[in-house]
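Chemist:
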Amino acid sequence: MNRKKIVAANWKMNMTVAETVGFLENFRSLVDEVNGVEIVIAPPFTAIAKLSELLGGSQKIRLGAQNMSNEKSGAFTGEISATMLRELFVRYVILGHSERRQIFGESDVLVNKKVHTALASGLKPIVCVGETLEERDAGRENEVLEAQLRGSLAAVTAEQMADVVIAYEPVWAIGTGRTASPEQAQDAHAHVRTILGHLTNEATAAKVRIQYGGSVKPANAQILLSQPDIDGALVGGASLEPLPFAEIVKAGVPR
Ligand code: PGA
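So in the working numbering, spot 153 of the sequence shown is number 988, and the numbers just go up one at a time.
1) Report the rounded CA-to-CA distance for T1039 versus L968, giving the unit in angstroms.
2) Should G857 be counted as a contact of the ligand PGA given a C-beta to heavy atom distance under 7 angstroms?
3) Consult DSSP for K1042 and reduce its assignment to one of helix, strand or coil.
4) Taking DSSP as the reference, what is the three-state secondary structure of N845?
5) Look at the Cβ atom of L980, then the Cβ atom of E966, and state whether they are nearer than 8 angstroms.
6) For G1098, which beta-bridge partners are listed by DSSP?
7) Measuring straight from C-alpha to C-alpha, what distance separates L1078 and V1043?
8) Are V1084 and V856 close, meaning C-beta to C-beta below 8 angstroms?
9) Roughly how many whole angstroms lie between the Cα atoms of L886 and R838?
10) Tell me whether G931 counts as near the ligand PGA, meaning its Cβ is closer than 7 angstroms to at least one heavy atom of that ligand.
11) Would you mind sorting T1014 into buried or exposed? The rule is 16 or more other CB atoms within 10 Å of its CB.
12) Could you have a look at V856 and say whether DSSP puts it in helix, strand or coil?
13) Are the C-beta of E966 and some C-beta of chain B separated by less than 8 angstroms?
14) Is K907 buried or exposed, if buried means 16 or more other CB atoms sit within 10 Å of its CB?
15) Just how far apart, CA to CA, sit N849 and G1067?
16) Which ranges does the beta strand (DSSP E) cover as unbroken runs of at least 3 residues, wholly within the segment 886–914, from first to last along the chain?
17) Skipping 5 residues on each side, what residues in its chain have a beta carbon closer than 8 angstroms to that of A953?
18) Just confirm the distance between the C-beta atoms of A975 and W1007, as a whole number of angstroms; I'd bet it's less than 8 angstroms.
In structure tokens:
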């Protein structure tokens, strides 16, 4: 199955507008010759408008958001709607990141509502799943992944699933410098694909892109991205500087 790799920067609560402008100037020249891989940058909300203007509908670098409300509009202080993101030509939205789940208490039920809002608005969700260290040590990683996928993707049709990207991010590997081994990651990705097959059908599951996330760096990107079920990367820390992020993107170029 020929799945185009997708490498996304999750800047989290980093990067001012000025820093974003500087990053893009450098980064663009570094990926000028890069083809065959989809690049996504998810800046904080405050930098989206500027980045959108600078990208000007670029086919190469797509715009992402890090979160979104499940509600359409109204009295939800501090929230951002799908319509607001679409107005700025945002294409992807990261949903259910482990930091949202753990620090802000987001449940699978809420993530599922957001997934449906995103799909109904023409945004492609990047749905994050992943086990904690405690769950892995107890040998429960597969059941945790299955519960998160079933909950977060409830009532998503096979047709809609083709627009969904999954990010497998073991919580113990995020921002810790500890990466899942290529074998651990491949096993988890294969398991995710099997579950997607149960939720839809095998042909659909074979089309869905599954990113790996958790301390992806230039040094480990190549081996991770060459695993058969790893279709890209969701990159935090190493996406804050143009050079390492460009190197990770290049690891996704088909060869
Ligand atoms: P990290 O973050 O690359 O800094 O580990 C990844 C993520 O949380 O998406």
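Ideal Cβ positions, reconstructed from N, Cα and C, are used throughout, including at glycine.
On a predicted model such as this, the values are computed, not experimentally measured, just so you know.
Modeler: According to the data block:
1) If you number the sequence shown from 1, residue 1039 lands on position 204. If you number the sequence shown from 1, residue 968 lands on position 133. Their backbone Cα atoms lie some 30 angstroms apart in a straight line.
2) Along the sequence shown, read from residue 1 onward, the residue named residue 857 stands at position 22. Not so, every heavy atom of the ligand PGA lies at least 7 angstroms from the Cβ.
3) Within the sequence shown, the letter at position 207 stands for residue 1042. The three-state reading of DSSP puts K1042 in coil, since its state is none of H, G, I, E or B.
4) Start at 1 with the first residue of the sequence shown, and residue 845 comes out as number 10. In this structure, N845 counts as strand in the three-state DSSP scheme.
5) Residue numbering aside, residue 980 sits at position 145 when the sequence shown is read from its first letter. Residue numbering aside, residue 966 sits at position 131 when the sequence shown is read from its first letter. Their beta carbons are under 8 angstroms apart, which means L980 touches E966 by this criterion.
6) Because the chain in this structure spans residues 836 to 1090, residue 1098 falls outside the shown range and cannot be described.
7) Counted from its first residue, the sequence shown places residue 1078 at position 243. Counted from its first residue, the sequence shown places residue 1043 at position 208. CA-CA distance, L1078 to V1043, rounds to 28 angstroms.
8) Walking along the sequence shown from the start, residue 1084 turns up at place 249. Walking along the sequence shown from the start, residue 856 turns up at place 21. Going by beta carbons, V1084 and V856 fall outside the 8 angstroms limit.
9) To locate residue 886, count along the sequence shown from 1; it is residue 51. To locate residue 838, count along the sequence shown from 1; it is residue 3. Their Cα atoms are separated by approximately 27 angstroms.
10) Indexing the sequence shown from 1 puts residue 931 at position 96. Every heavy atom of the ligand PGA is 7 angstroms or more from the Cβ of G931, so no.
11) Here residue 1014 refers to the residue found at position 179 of the sequence shown. With a 10 Å radius around the Cβ and a threshold of 16 neighbouring Cβ atoms, T1014 comes out buried.
12) Taking the first residue of the sequence shown as 1, we reach residue 856 at position 21. It is helical.
13) In the structure shown, chain B does not exist; there is a single protein chain.
14) Here residue 907 refers to the residue found at position 72 when the sequence shown is read from its first residue. Its Cβ having fewer than 16 others within 10 Å, K907 is exposed.
15) For the purposes of this step, residue 849 is identified with residue 14 of the sequence shown, where counting begins at 1. For the purposes of this step, residue 1067 is identified with residue 232 of the sequence shown, where counting begins at 1. Those two C-alpha atoms are separated by around 22 angstroms.
16) 896–900
17) By one-based count along the sequence shown, residue 953 stands at place 118. Once the five neighbours on either side are set aside, the close Cβ partners of A953 are M903, A917, V928, L930, K959, P960.
18) Translated into the one-based positions of the sequence shown, residue 975 becomes position 140. Translated into the one-based positions of the sequence shown, residue 1007 becomes position 172. The question names Ala, but residue 975 is Arg in the sequence shown. 13 angstroms between Cβ atoms; not a contact.
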